[in-house]
Amino acid sequence: MAREAALWLLLLFSAHLLLRRASAIDRGQFPPPTSFLFGTSTSAYQIEGGYLEGKKGLSNWDVYTHKQGTIEDGSNGDIAADHYHRYMEDIELMHSLGVNSYRFSIAWTRILPRGRFGHVNPDGVAFYNAIINALLHKGIQPFVTIFHYDIPHELEERYGGWLSPEIQKDFGYFAEVCFKMFGDRVKFWVTMNQPNLLAKFAYMNGWFPPGHCSKPYGNCAFGNSSIEPYIVGHNMILSHANAVSIYRNNYQETQGGYIGIAVAARWYEPLRNTTVDQLAVERAISFNVPWFLDPIILGDYPAEMRKILGPTLPEFTLKQKKKLHATKLDFIGLNHYSTWYLKDCIFSSCEMDPMDGDARALSLAERDGVPIGKQTGAPFFYDVPHGMEKVVMYYKQRYNNTPTYITENGVTLCIYYLLKLK
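Mapping of the sequence shown onto mature numbering (1 follows the signal peptide of the UniProt record, and there is no 0): residues -24 to -1, 1 to 398, in sequence order.
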């Protein structure tokens, strides 16, 4: 497979797969290179539904969304977009859009209902085999994410999920089952989607399961916002390395695929033209993508994180550093949606920032009353086109031209569709 450029861009527009009216996207006016992948992106829990069908086990999200009070409107993913029953219709829609790539995730509990403590579920394997084969039949390249936020609930019950080093064994086992079952046809693997976001949302702010947090970030029944996100991040990094090691040693040569990781890549501009705000930008960046990619690519956490967190930030053993060095990425996936102004909070007083507080910074959408860009359908996303270029070029330079895909981007629209599932 030719690698024609050091920087590959995979544009994954968030096409709503339930819109039943679509016309093909005409790319004839500006034809991309033949190696260019242009597609859509989803995740299992957000679209599949069928949460108890096909011998699937309960995931952390299944349990969390069924607890009263955890979701404001009481909704859940029991049916979602009903992709479990309508995947062929959705693939036809993708084909009609003219895309040649589809990034989707595999529900851990559909393949391993109880993690490594139970059997491989043949019904789950058959479901994803059917999707992969149908995609290839339509000329659409499967771009598969192994983990997108959902883990077997049993792992939470047994040892606390991502808070325990035990998860590294489970994730490696799950990844190997995926390589073994699907790797003959899947040539692009993403080990994890946005682990840097999950660690904060689930263990700092308490917004995602298991809903852990502590003051000043929140007032949850369980959790420690100062410590748990970094324990979780550490276990995720080592779990990723375990999966890459398994793929590289046992499958990559014969299957001929590539493996990487996708991270949430916020961008920042200094609020004021001051040195302290510029330094705040550097700190916030370090607590974002480099939190994960510096250890994976460069061997250790950013110095800015170590300086602020001290012993709270876990250390890698020599053996772990050697493993990280031996499991270099084939590509980076960048998920970018918005850019923010950033204010220093070391030399200035600030309110609590749920995303950038540990970096001693505050992210803002306005400067002197003027928004950084046009507000989208989501109150926390603004349309700032130059942020995409800055994100791509910054990480291109920081990580020495590691091949890069834009694995998510798009604009949120405030449109609601009433769908009647038959």
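Ideal placement from N, C-alpha and C gives every residue a C-beta, glycine not left out.
Computed from a prediction, not measured in an experiment: that's the story for all the values here.
### Query
Between which two residues does the alpha helix (DSSP H) harbouring THR388 extend?
Taken as a continuous stretch (DSSP letters only), THR388 belongs to no alpha helix (DSSP H), as it is neither H nor E.
### Query
Are the Cβ atoms of residue 401 and ALA256 separated by less than 7 Å?
A query on residue 401 cannot be resolved here, the shown segment of the chain reaching from -24 to 398 and no further.
### Task
Consult DSSP for GLU258 and reduce its assignment to one of helix, strand or coil.
helix
#### Entry: Own chain, CB closer than 7 Å to VAL75, minus 5 neighbours either side, in chain order
PHE14, GLY15, THR16 and ILE116
### Query
Does the Cβ-Cβ distance between ASN172 and PHE93 come in under 7 Å?
no
### Message
Which of the three DSSP states is assigned to ILE237 in this structure?
### Response
strand
### Message
Here's the rule: buried if 16 or more other CB atoms are within 10 angstroms of the residue's CB, otherwise exposed. What is ALA83?
### Response
buried
### Sequence-distant residues of the same chain with beta carbon closer than 8 Å to GLU342, five excluded per side
TYR317 and ILE348
### Task
Determine the direct distance from the alpha carbon of THR18 to that of ALA56, and round the result to whole angstroms.
12 Å
#### Entry: Inter-residue spacing [alpha-carbon to alpha-carbon] between LYS297 and GLN44
43 Å
### Task
Compare the C-alpha of LEU247 against each of THR383, PRO7 and LEU340 and name the closest.
LEU340
### Cβ neighbour criterion (16 or more within 10 Å) applied to LEU389
exposed
### Task
Within 10 angstroms of the Cβ of HIS124, are there 16 or more other Cβ atoms? Answer buried if so, exposed if not.
buried
### Task
Grab the span of the beta strand (DSSP E) containing MET168 for me, first residue to last.
164 to 169
### Task
With DSSP as the reference, label SER77 as helix, strand or coil.
strand
### Query
How is LYS304 classed by DSSP in three states: helix, strand or coil?
coil
### Message
So, at 6 Å on beta carbons, what are the nonlocal neighbours of LYS299 in its own chain, with the 5 sequence-adjacent residues on each side left out?
### Response
ALA217
### Query
If you pair each beta-carbon of the stretch 32 to 51 with each one of the stretch 185 to 199, do three or more pairs fall below 8 Å?
yes
### Task
State the start and end residues of the unbroken alpha helix (DSSP H) segment that holds GLY363.
362 to 374
### Message
In this structure, how does DSSP classify LEU340 when only helix, strand and coil are distinguished?
### Response
strand
### Message
Taking the beta strand (DSSP E) that THR315 belongs to, which residues open and close that run?
### Response
315 to 320
#### Entry: Beta-bridge partners of THR121, as assigned by DSSP
SER81 and VAL166
#### Entry: Inter-stretch contact (C-beta, 8 Å, three-pair minimum) for the stretch 300 to 312 and the stretch 278 to 290
no
### Message
Within the continuous beta strand (DSSP E) that includes MET244, where are the two ends?
### Response
It is Tyr, not Met, that sits at residue 244 in the sequence shown. It spans 243 to 246 - the beta strand (DSSP E) in which TYR244 sits, taken as one unbroken run.
### Task
Take THR380 as the anchor and find which of PRO287, TYR244 and GLY236 has the nearest alpha-carbon.
GLY236
### Task
Using alpha carbons as the reference points, say which of ASN195, ARG62, LYS176 and PHE155 lies closest to PRO330.
LYS176
### Contacting residues, own chain, Cβ-Cβ under 7 Å from SER(-2) (five flanking each side not counted)
With a pLDDT of only 49 at SER(-2), under the threshold of 50, the placement of this residue in the model should not be trusted; the figure read from the coordinates follows. No residues qualify anywhere along the chain.
### Query
Can you list the beta strand (DSSP E) stretches of 3 or more residues lying completely in the stretch 3 to 82, in chain order?
14 to 17 and 77 to 81
### Message
So ILE87 and VAL96 are supposed to be a Cβ contact under 8 Å. How far apart are they, rounded?
### Response
7 Å
#### Entry: CA-to-CA distance, GLN22 to ASN181, given in whole angstroms
21 Å
### Span separating the alpha-carbon of TYR371 from that of GLU68
35 Å
### Query
Bridge partners of residue 401, per DSSP?
With the chain running from -24 to 398 in the structure shown, residue 401 is simply not present.
### Query
To the nearest whole angstrom, what separates the beta carbons of MET70 and TYR78, a pair I think is in contact under 8 Å?
6 Å
### Task
With a 10 Å radius around its C-beta and 16 neighbouring C-beta atoms as the bar for buried, classify VAL208 as buried or exposed.
buried
### Task
Could you please give the first and the last residue of the uninterrupted beta strand (DSSP E) stretch that includes GLY91?
89 to 92
### Task
Helix, strand or coil for PRO192, going by three-state DSSP, please let me know.
coil
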